Amino acid sequence: MTLTQTCTIPAPRERLWDFLMDVPRVSKCLPGVERVEPAGENTYQGLFRVRLGPISIGLTGNVTIEEQSREGWRATLRADATDRKLGGGMRARARMTLDPAGEGATTLTVETDLTVLGKIGEFGQPIIRKKADALLQEFAQNIRNALTA
Amino acid sequence: MSRVEAQPVLSIRLRVNGKDQAVRIPSYRTLLDCLRSDLGLTGSKEGCGVGVCGACTVLVDGKMISSCLYLAVMADGAEITTVEGLAADGRLHPVQQAFVDHGGFQCGICTPGQVVAAKALLDANPSPSEADIKDWMMGNLCRCTGYYQIIESIKHAAATSAAAGKPAAGGAAGRP
Amino acid sequence: MDFKVIGKPLGRVEGPEKVSGAARYAADQLPPGVIWGKAHRSPLPHARIVRIDTSKARAVPGVLAVLTAADLPDVLVGRVMFDMPVLARDRVRFIGEKVAVVAAEDPDVAEEAAALIEVEYEDLPALFDPIEAIREGAFRIHEDPASYANAPKEHRPSPNLQSVLRHKMGDPAKSFAQADHLFEHTFRTPRGHQGYLEPTASTVAVDADGMVHVWASNKMPFRLRDLLAHTLKLPADRIQVHLTPIGGDFGGKGSLMDTPLCYHLARATGRPVKMAMSYTEELMAGNPRHASVITIRSGVTRDGRLLARTARAIFDGGAYAAFKPVPHVNLIGANMVQGPYRIPNVAVESLCAYTNQVPCGHMRSPGDPQMIWAEEAHMDMVAGALGLDPAEFRRRNLLQEGDHLVDGHHVESVQALETLEAALTAADWAKPKPRPTVGRGLAMSLRHDGMGMCNARVTLEADGTVTLLTVTPDTGTGSHTIFAQIVAETLGVPASAVNVRVGDTRSFVTDSGTGGSRVTHVAGLAAQEAATQVRRQILDEAAAMLEANPDDLELREGRVVPRGGGPRRPSLADVASAAQRQGKAIDAAVRKEIGHYPPQFSFCAQVAEVEVDRETGQVRVLRVVTAHDVGTILNPIGFHGQINGGVIQGLGFGTMEELRLEEGRVTTLSLGDFKMPNILDIPALTTVLMEKPVGPGPFKAKSIGESSNVPLGAAIANAVADACGARITEAPITAEKVFFALQQKG
Amino acid sequence: MIPFEYRTPRTLDQALAHLREFGEDARPLAGGTALVLMMRQRLIRPACLVNIRGVAGLDRIEHANGTVEIGACATHRDVETSALVRARLPVLADTYHHVGTIRIRNVATVGGGLAHADPNQDAPVTLLALGARVRVRGPQGERQVALDDFFTDYYQTSLAAGELVAGVSVPVLGPRTGAAFLKFLPRTADDYGTVTAAASVTLDAAGERCEAARIALGCVGTTPVRAAAAEDLLRGQRLTDDLLRAAGDAANGGLDPIGDHRGSAAYKREMAAVFLGRAVRAAWARARASAADTR
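Chains as they are written, first to last, in my numbering: chain A, 1 to 149; chain B, 150 to 325; chain C, 326 to 1071; chain D, 1072 to 1366.
(1) Could you list the residues in the segment 1210-1242 of chain D with a C-beta less than 8 Å from some C-beta on chain A, going in chain order?
(2) Whether or not the segment 497-513 of chain C and the segment 624-638 of chain C are in contact is what I'm after, with contact meaning three or more pairs of Cβ atoms, one per stretch, closer than 8 Å; do they touch?
(3) Applying a beta-carbon distance threshold of less than 8 Å, which residues of chain G neighbour T115 of chain A?
(4) Over what stretch of residues does the alpha helix (DSSP H) that includes E726 of chain C continue unbroken?
(5) Note down, in chain order, every chain B residue with its Cβ under 8 Å from the Cβ of G1103 of chain D.
(6) Could you tell me whether the segment 391-404 of chain C touches the segment 615-622 of chain C, using the rule of 3 or more Cβ pairs below 8 Å?
(7) Judging by CA-CA distance, which residue of D:D1331, D:I1329, D:L1304 is the nearest neighbour of D1320 of chain D?
(8) Ordered along the chain, which non-local residues of its own chain (more than five positions away) have a Cβ less than 7 Å from that of K1025 of chain C?
(9) With a threshold of 7 Å between beta carbons, is G196 of chain B in contact with chain C?
(10) Per DSSP, V1241 of chain D is paired with what?
(11) Quick check: the Cα distance between D187 of chain B and V172 of chain B, rounded to an integer number of angstroms?
(12) Rounded to whole angstroms, what's the CA-CA distance from R324 of chain B to I1173 of chain D? Just pull it up for me.
(13) Interface residues of chain A around I1367 of chain D at Cβ under 7 Å?
(14) Considering only residues of the segment 591-666 of chain C, which uninterrupted alpha helix (DSSP H) runs meet the minimum length of 4 residues and lie entirely inside it, listed in chain order?
(15) Would you mind sorting S160 of chain B into buried or exposed? The rule is 16 or more other CB atoms within 10 Å of its CB.
(16) Closest to F512 of chain C by C-alpha separation, out of C:V426, C:D353, C:R592, C:E701, would be which residue?
(17) Can you find a CB in chain A that lies within less than 7 Å of the CB of A440 of chain C?
(18) Taking 7 Å as the CB-CB cut-off, is P368 of chain C touching chain A?
(19) Look at the Cβ atom of G849 of chain C, then the Cβ atom of G1022 of chain C, and state whether they are nearer than 7 Å.
(20) Exposed or buried, which one is V683 of chain C when buried takes at least 16 other CB atoms within 10 Å?
(21) Of all the CB atoms in chain C, is at least one closer than 7 Å to the CB of G118 of chain A?
(22) Reducing DSSP to helix, strand and coil, say where G517 of chain C ends up.
(23) Since I believe V935 of chain C is in contact with A1056 of chain C (beta carbons under 8 Å), could you give me their beta-carbon distance rounded to a whole number of angstroms?
(24) List the residues of chain A whose Cβ lies closer than 8 Å to the Cβ of L994 of chain C, in chain order.
(25) Give, in chain order, every residue of the segment 171-195 of chain B whose Cβ lies closer than 9 Å to some Cβ of chain C.
(26) L135 of chain A touches chain D at which residues, Cβ-Cβ below 8 Å?
(27) Going by DSSP in three states, I9 of chain A sits in which element: helix, strand or coil?
(28) Measure from the C-beta of A269 of chain B to each C-beta in chain C and report whether the shortest distance is under 7 Å.
(29) What in chain D is Cβ-close to G87 of chain A, meaning under 9 Å?
(30) Would you kindly work out how many angstroms separate the C-alpha atoms of E154 of chain B and P1074 of chain D, rounded to a whole number?
(31) Let me know if V796 of chain C comes out buried or exposed under the rule of 16 or more other beta-carbons within 10 Å of its beta-carbon.
(32) Going along the chain, which residues of its own chain have a beta-carbon closer than 8 Å to the beta-carbon of E1061 of chain C, five neighbours each way excluded?
(33) Per DSSP, which one or two residues make a beta bridge with C1119 of chain D?
(34) How do the segment 645-665 of chain C and the segment 967-977 of chain C stand: do at least 3 beta-carbon pairs fall below 8 Å, yes or no?
(35) Let's see if you can read the secondary structure: which residues bound the alpha helix (DSSP H) around L864 of chain C?
(36) Any beta-carbon of chain A closer than 7 Å to the one on I1123 of chain D?
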């Protein structure tokens, strides 16, 4: 499934860019991220917890910056994680584009291709889509807060 | 998987088709698997495994339930009736006989659940209308018959039971 | 001709076992020491397997074996075309494909361990739309399908095609030019599961002498044995397939499924192994009916005569062609593009495409429901455009005696018109409808009897009873009961005097098994011929006893009776023991082989009466009329059972059944989401039978199993259009589709 | 499924103690129809199941000063067939009759259904329209939660860790009041609704105008929802087609359904409007009848 989030952040592109490329920092904006540490060139290892009602999902895996072009103000992050207990996992590729939005503001567009695998995937795609949407909205909100603080 | 290593085994008592049974089972055993694997009563079938199709229908203390969604431990001390318990002294239950005589089954896989449910219906409502039959049997899927001959079979079973003056057991009405 | 046993409403010979729970299906087999197998399945639609780590699974207490493709012979399998691995070797091609398998003491432990297997994948581009898949330059799902064993030789315009089937009659292109009007419409149908309530199960035990015993929900035991021999690299005579009752088939129970894995696990553990698919696994990785996109083009004259028709059907075959059992590895139903109509110029092209989705197989009258859904809706749309009553338009174009179908068959004993008129009369077609919200729709189809090879052995026992030995599994249709009636009728004994003994793969050399409207026809004739030979032997033996001419004797109520009457009327027991005294057995085995479809087709016309709630789009099917021209009815209970069940499967196909997929993943993974009709959903049903003893089967019977499920979907679509003007071209007809169609109309 | 500890308390306090003992990993078990299913699907794996079916009195259905008190362990079938409920709250008996099949209703409990918090369930919609309150028992004793505040998200409630649903209190209908529940089942008779709607309408003394209304919708969001805007529209009005259409549209706007096999989000929104209108009409007719009786 593809999820698109757009939000305007009261910060110049440069500042937002540097923030976004600092994966450990930016990932703290995603609710449920419990741990992120470097694991090699442009790669980070971490733990992400999310609750779907009674079901608690604990995803461990990697986040990799696949593409970053400061010139084009584009970057692509790839996340690959699995939950051994449940048997399943998720893959996400997030394409971020930064566009100027007037004086010192930037429009951040995050387009995410999300694939939910195995047992977790069987639970129900519509609900997962809803949940993912909600998370991404909070994610964007938290980035705004972090940068306006 | 330490949790699997820890297999805590529980002892339960069931009265199945009038026979007392003591069974030792892992906590997670469903009543259906307990009947089929531990007691060798394979009449009750697993169809959908999610409580929709009715192939695993059994009676617990006279009430029909989906044994695929019912933990065996929950039935500890209960009276269980399965399809194997319907025939009495070598004679088929009127419901079973009617299913044979009127084409109430074809492949037979849903039939144990159908006849147990139909028996429960006639226990609760000895002379059901067609609407009563449909309302009660709605939870028992059949892919072969299209249901028409199941309805016919149950009507005949009700008629023959009535003719035989079989007193209807107690229980709630067929529909509210 | 008046019969004693044929045509009587006899209960099933296996009835008591089935209603008492004594019948043991494949999943009910509990050989001593049996353990449980569970598969680990691919979560990805298309990927290369980089690494498989089974250590965590092996570490689970109670786990006895874990196998991957590396532990298995490197063979591909299939019912005809061998393109599918037993376990994915280097590559997975659909979500749900088996990658590894676990055996454990307890089914829950096996499932737990299977989930602990870790597989590293490298994604490959996945194709979900058959039309995309066969586009020039699309990523190859299989490197070279033509190279697979038993792959059809027809040229593949695309490497992502499993097979191409073409039929042509006359010159459609030329006659399109002469037509007054041309019409073209496109229709779609979804994947659908056969819906049998017995999930596929397999149990395999290897005995001390190395004999491999197989119990499987499989309707073709000999084919299963031979496929297993190939798959397991064993001589066929080391494999013994035991017949079990089958909990519904509807086309879906003819493949190896988990039997090879059960064998390999049994070898690895020295224990009997059972694998029973959960219904989730059935819906994710069974062998569902093909989804289709069908475009039909017709050329007609001003006065409503069909001159020409062409059609292109694209069937979504999924990741493997392995589940299709016919040599052309396509769907016979492609010929239904012509419907029951006389069309001098017809061409059809049927493409089965590879996609990265659950591989598809056969479902009850394979291809017919899809093609008739399109063809019969197309007929109404054309009739509408010509301003003709749909029934009248059909009347003008029905097949006539001796006409040809596009696949070359010619049709005899044609009663298309009689069948149509019978349905119209019973449905009050000419009468006004009760309410403006009510509509009526009509659809027709035709069906042939099946072919193949079946066995029967009839023996007169010393006690005068008769034994019929069969290896044709009864998938629920009542075939064994019918065999008993055929034998009883032939030998002049009550059906109760005939014991049906179900053999195994050692009982005969080979046998086609069940399916394709074969059984009553071919296996029924085998039983009839065997019984006839036994009858002859009985009469000869009795003639010797009575010093009479066998032709002066006949069989009645279990006795040999001189036609002219006479004091001595030996019972069959007397005859049997007399023969025994001379060391003779009264016994005959017949292998009946029929290599072509007989020309006697049977027709089906159905009328659906529906009510549409315009505010919600909800469609209620109030009433269905199903009319059939039939041969001799051997057993009315079973006969009506076939029609009733088929009608309700047609209702499901037309109104609710849909195996939904999203990015290759089946999202309807339980019978809570994949809905089939229940007892409250069924409409009032009127069945009209025109019995005419002209069938090719025993006592002039015709097949009935694959007729009534075919036209109803289109009949409902036509009724909905009649009720509210909404034309739904994509099955199933949901309230939502009708609602938005009505909104568009405004 | 994987092994778990199993407890069979006889009192609520014992039950709460067991829940405390295992914390997060413990789950109360009543009918188990939802719980066992999720365990079989391996979506949840509790370390301990606390079977509260043996807790004395937890399955009672009784009438006390204007409310029907239903114990957490009363089964759906108990409520459906209860003479008391059918006499005082027929709409509730009718609602529970619509749930699943008799096999499920024989086992699934009222409390379990509430705690399960599936927005596609039938009963919460009617209970919401009737202004029911959930009786919650926890370490600190009993608290009551209006159903409006009980459901927080898909499968989530405001139950705190270690708390249990002890029962639900449903006020009986006042004078000149009628209630109705409708479940839209376009596919098959055994399914979750595409939408569900319940309404309770109170008429003025003349039995002409709507004095107050409570309307709830199901299957149209992450929880059952009140249609407050529609309720406001009805107040003080006479019943007309336009009014019902307006009420439906008012509700429709505020909805954010999850599209699924039972209908797309867009279709569910449209149907919510239709069935809201139909439910109000049915409730209104019953309110009229009751107004006529009282006069």
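Beta carbons are placed, not taken as given, at the ideal position from N, Cα and C, and that holds for glycine.
Bear in mind the structure is a predicted one, so any value in this text is a computation, not a measurement.
Concretely, from the data shown:
(1) Within the segment 1210-1242 of chain D, the qualifying residues are D1224, Y1225, Y1226, Q1227.
(2) Yes, the segment 624-638 of chain C is in contact with the segment 497-513 of chain C.
(3) Here the protein chains are A, B, C and D, and chain G is not one of them.
(4) Where E726 of chain C is concerned, there is no enclosing alpha helix (DSSP H), given that its DSSP letter is neither H nor E.
(5) The answer, in chain order, is L218, Y219, L220, M223.
(6) Pairwise C-beta distances place the segment 391-404 of chain C out of contact with the segment 615-622 of chain C, as fewer than three of them are shorter than 8 Å.
(7) Comparing Cα positions, the closest option is D:L1304.
(8) Counting only Cβ-Cβ distances below 7 Å, and skipping sequence neighbours, we find G956, T957, P1018, V1019.
(9) So, interface residue.
(10) DSSP links V1241 of chain D through a beta bridge to D:V1139.
(11) Straight-line Cα distance between these residues: approximately 7 Å.
(12) Bear in mind that a pLDDT of 32 at R324 of chain B, under 50, signals an unreliable position, so the model cannot answer this.
(13) Residue 1367 of chain D is absent from the model: chain D starts at 1072 and stops at 1366.
(14) Complete alpha helix (DSSP H) runs here, min 4: 604-610.
(15) That one is exposed.
(16) Nearest in C-alpha terms to F512 of chain C, of all of C:V426, C:D353, C:R592, C:E701, is C:E701.
(17) So, interface residue.
(18) With 7 Å as the cut-off, P368 of chain C counts as an interface residue toward chain A.
(19) Yes, the Cβ-Cβ distance between G849 of chain C and G1022 of chain C is below 7 Å.
(20) Buried, since its Cβ has 16 or more Cβ neighbours within 10 Å.
(21) For G118 of chain A, the closest Cβ of chain C is nearer than 7 Å.
(22) DSSP places G517 of chain C in strand when its eight states are reduced to three.
(23) Their Cβ separation, rounded to whole angstroms, is 15 Å, which puts A1056 of chain C and V935 of chain C out of contact at 8 Å.
(24) Within chain A, E122 have C-beta atoms less than 8 Å from the C-beta of L994 of chain C, given in sequence order.
(25) Of all residues in the segment 171-195 of chain B, P175, Y177, R178, D182, R185, S186, G189, L190, T191, G192, S193, K194, E195 have a Cβ within less than 9 Å of some Cβ in chain C.
(26) None at all; the shortest Cβ gap to chain D is about 13 Å.
(27) For I9 of chain A, the secondary structure class from DSSP, reduced to helix, strand or coil, is strand.
(28) Answer no: the Cβ-Cβ gap between A269 of chain B and chain C never drops below 7 Å.
(29) Here the neighbours are R1113.
(30) Interpretation of E154 of chain B is limited by its pLDDT of 43, a score under 50 that renders its predicted location unreliable; no figure is taken from the coordinates.
(31) By the neighbour-count rule (16 or more Cβ atoms within 10 Å), V796 of chain C is buried.
(32) Cβ within range, chain order: G942.
(33) D:E1076, D:A1097.
(34) The segment 645-665 of chain C vs the segment 967-977 of chain C: no contact.
(35) Where L864 of chain C is concerned, the enclosing alpha helix (DSSP H) starts and stops at 849-871.
(36) No, I1123 of chain D does not count as interfacial toward chain A.
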